[in-house]
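Colleague: Residue numbers (my numbering), protein chains in the order written: chain C, 1 to 298; chain Y, 1001 to 1350.
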Ligand SMILES: Nc1ncnc2c1ncn2[C@@H]1O[C@H](COP(=O)(O)OP(=O)(O)OP(=O)(O)O)[C@@H](O)[C@H]1O
Ligand SMILES: [Mg+2]
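#1: What's the gap between the Cα of residue 37/C and the Cα of residue 280/C?
#2: Give the interface partners of residue 1107/Y over in chain C, defined as CB-CB distance under 8 Å, in chain order.
#3: Any residues in the region 1035-1055 of chain Y with a beta carbon nearer than 7 Å to a beta carbon of chain C? Which ones, in chain order?
#4: Using DSSP with H/G/I as helix, E/B as strand and the rest coil, what is residue 1023/Y?
#5: Checking 8 Å against the spacing of the C-beta atoms, do residue 1248/Y and residue 1330/Y come in under that value?
#6: Where DSSP assigns a beta bridge to residue 1228/Y, which residues make up the other side?
#7: Is residue 1017/Y near ligand 1, judged by its Cβ being under 7 Å from some heavy atom?
#8: Measuring CA to CA, which of 267/C, 206/C, 186/C, 227/C is closest to residue 1061/Y?
#9: Do you know how far the Cα of residue 282/C is from the Cα of residue 292/C?
#10: Does chain Y have any CB closer than 8 Å to the CB of residue 190/C?
#11: Spatial neighbours of residue 94/C within its chain, please: CB distance less than 6 Å, with the 5 preceding and 5 following residues excluded, ordered by chain position.
#12: Using 8 Å as the limit for Cβ to Cβ distance, is residue 1274/Y near chain C?
#13: Using a Cβ cut-off of 7 Å, pull out every chain Y residue sitting near residue 184/C, in sequence order please.
#14: Can you confirm whether the region 262-282 of chain C touches the region 1020-1029 of chain Y when touching is taken to mean that 3 or more C-beta pairs between the two stretches lie within less than 8 Å?
#15: Under 7 Å Cβ-Cβ, which residues of chain Y neighbour residue 197/C?
#16: For residue 1042/Y, name the three-state secondary structure that DSSP assigns.
#17: Candidates 1277/Y, 1306/Y, 1323/Y, 1301/Y: which alpha carbon is nearest residue 1029/Y's?
#18: Helix, strand or coil: which one does DSSP assign to residue 1263/Y?
#19: For residue 1017/Y, collect the residues of the same chain with a Cβ closer than 7 Å to its Cβ; drop the 5 residues on either side in sequence, then sort them by chain order.
#20: Buried or exposed, going by whether 16 or more other CB atoms sit within 10 Å of the CB of residue 1053/Y?
#21: Under a Cβ-count criterion, where at least 16 other Cβ atoms within 10 Å of its own Cβ denotes burial, should residue 1278/Y be classed as buried or exposed?
#22: Taking 8 Å as the CB-CB limit, is residue 165/C close to chain Y?
#23: With a 10 Å radius around its C-beta and 16 neighbouring C-beta atoms as the bar for buried, classify residue 128/C as buried or exposed.
#24: Just to make sure I have the definition right: I need the residues of chain C whose C-beta is within less than 9 Å of the C-beta of residue 1015/Y. Which are they?
#25: Does residue 203/C get closer than 8 Å to chain Y when you measure Cβ to Cβ?
#26: Please tell me whether, using a cut-off of 7 Å, the distance from the CB of residue 1048/Y to the nearest non-hydrogen atom of ligand 2 is below it.
#27: Enumerate in chain order the residues of its own chain whose CB-to-CB distance from residue 1005/Y is below 8 Å, with the five nearest sequence positions on each side excluded.
#28: In the DSSP assignment, the beta strand (DSSP E) including residue 1010/Y goes from what residue to what residue?
#29: Tell me, please, whether the region 143-163 of chain C touches the region 94-110 of chain C by the rule of three or more beta-carbon pairs shorter than 8 Å.
#30: Give me the Cβ distance between residue 1289/Y and residue 1300/Y, rounded to the nearest whole Å; I'm assuming they're in contact under 8 Å.
#31: With a cut-off of 8 Å on the beta carbons, I'd call residue 1090/Y and residue 196/C a contact; round off their distance for me.
#32: Am I right that residue 1145/Y and residue 1133/Y are in contact with their C-beta atoms under 8 Å? What's the rounded C-beta distance?
#33: List the residues that DSSP assigns as beta-bridge partners of residue 1175/Y.
#34: Are any of the Cβ atoms in chain Y nearer than 8 Å to that of residue 200/C?
What follows is the structure, encoded as structure tokens:
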């Protein structure tokens, strides 16, 4: 079996005059993974919904009393109404924006913070590595929820501040990943060749090492997205997250919790949306990990 | 002769390993003249690559150049600042590595990587880009215009090495160091690459330092040869002299173990008998003495230095092959293991 696979690969590589690039290869492998494909479709749908919500929602998401309070799902209000008669679907759509902004925004910032730190620690090693590793460990030591709550409390609970608070408590995994990647990549011959051709350190770090670590970075960030979304939902559930009238899936669930018995849809709808989204990002992350794994050629 | 373009004096490079200090390059001195082609040969582990890396201060951790001078146009490269030496790398002196598979960045397009080698030394982007295609043509890559867009894995091994050579030549360096540029390639491709290097050496007038295991490669490409053993130069001379009349027993046995017919096109030479010395605990006296069929008592205790043995030849040996031939019947020796055949033993000759 293993031998047959290898042989097939070799002949394929020989016959194909123009091999596909790394990325199209990865995409081909990703498409073959059913769960990842479904997850991707769901996420594309979610992004479309969030974009549509910028210009259109069935009702104004903050309009109070447009439906009977606690109204169950109906043709007019697909996901029913909440405790003060707001349309849950409209709020869910805007909540998708919040979740996606938090999820993607934190990970972009996490990359912006973690990657340079990891690159520096892994490339220069020595005392710089010791200092940076120490800092990373200190941050691992702090209780993230507590610190995030305190930060949001001090800075004020805006979307930006929530993102900052999540980044501050969650950048270390990315730095550590990048440090490890750098340590092994710096020993590769093409890095030596780049140094021998007179490339500057910044060029070597960002032009040579970083692109080679892009696969693992993307996978790590993809797994980071649902973690951040959940973190935000939790903060909002506790009331220290996104502030009214902007809905977050976390605060929507929190609003409905007292009416759980007679109007469960208020809690269920955002919770299911949250779960599906977390699941989708995790499946996508798994799929990407397999698709981008350089050891796996099929 | 004009002053050499590169003068290496008493170069010493050490690795601080857990087991102790390994002196991988131990007092190496040589000259390189403008446009010449110099071979450095020696077994695996003799310090050829570390010597080359030391010249450009590229020795990896835990290694360090601990002494000596590397005078390039009368400027000591070992004294330059980090920024200054970076300017020298790839502009004045460039290097080509053994395995073209791994010396190109797999995720960047080949042409872009060659562009970059020029951008690093301040050439404008458009100009660099145009020159890349010319360079690929110069190293005889077919359909160069479309190849610049290829990723390294889309090129064959030979083409990748050509691309590496193109990159090495991109800033018109005065010295090109090729560290076993053909060992990873198959035989016919090896010959083509060597031919290309020879042509470029003649056409462009860049001096070439050719590092190799293979005496045949040296014969085909070089005018002068340095033979290294255990971090030291044991013999140095013109190709004609080294091949016709080697003075160091190590050189002699390297040549004897060389495949006889048309060596350039065949696999690397078989290693000679005995094991290479442990650089953590190098033997006292002459480092080659445990493997030398012609050793005398002095070889056990006194370290020989490079001395002139005829015009244009330096060898570090107490006996030398002239004497081994005359007095020890070297030419009749079949088995060249220490002590075998000739019956020359410790203490027999003076
Ligand atoms: N990273 C390292 N750590 C410790 N010692 C090293 C390291 N690199 C090289 N050395 C030492 O330097 C010696 C010379 O190595 P070098 O790579 O120069 O040999 P070489 O002549 O190029 O051999 P080859 O023909 O196999 O390339 C080795 O025998 C080893 O003891
Ligand atoms: Mg070597």
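No residue lacks a Cβ here, since even glycine has one placed at the ideal position from N, Cα and C.
Modeller: Concretely, from the data shown:
#1: 9 Å
#2: 22, 211, 212, 214
#3: none
#4: strand
#5: no
#6: 1233/Y
#7: yes
#8: 186/C
#9: 15 Å
#10: yes
#11: 53, 61, 247
#12: no
#13: Ordered by position in chain Y, no residue passes the 7 Å Cβ test against residue 184/C, which lies about 13 Å from the chain.
#14: no
#15: 1089, 1090, 1094, 1117, 1120, 1167
#16: coil
#17: 1306/Y
#18: In this prediction, residue 1263/Y has a pLDDT of 45, which is less than 50 and means its spatial position is unreliable; nothing more can be read from the coordinates.
#19: 1062
#20: buried
#21: exposed
#22: no
#23: exposed
#24: Residues of chain C passing the Cβ test: none, with the nearest at roughly 15 Å.
#25: yes
#26: yes
#27: 1032, 1033, 1034, 1072, 1073, 1174, 1175, 1207
#28: 1006-1017
#29: yes
#30: 6 Å
#31: 6 Å
#32: 6 Å
#33: 1093/Y, 1207/Y
#34: yes
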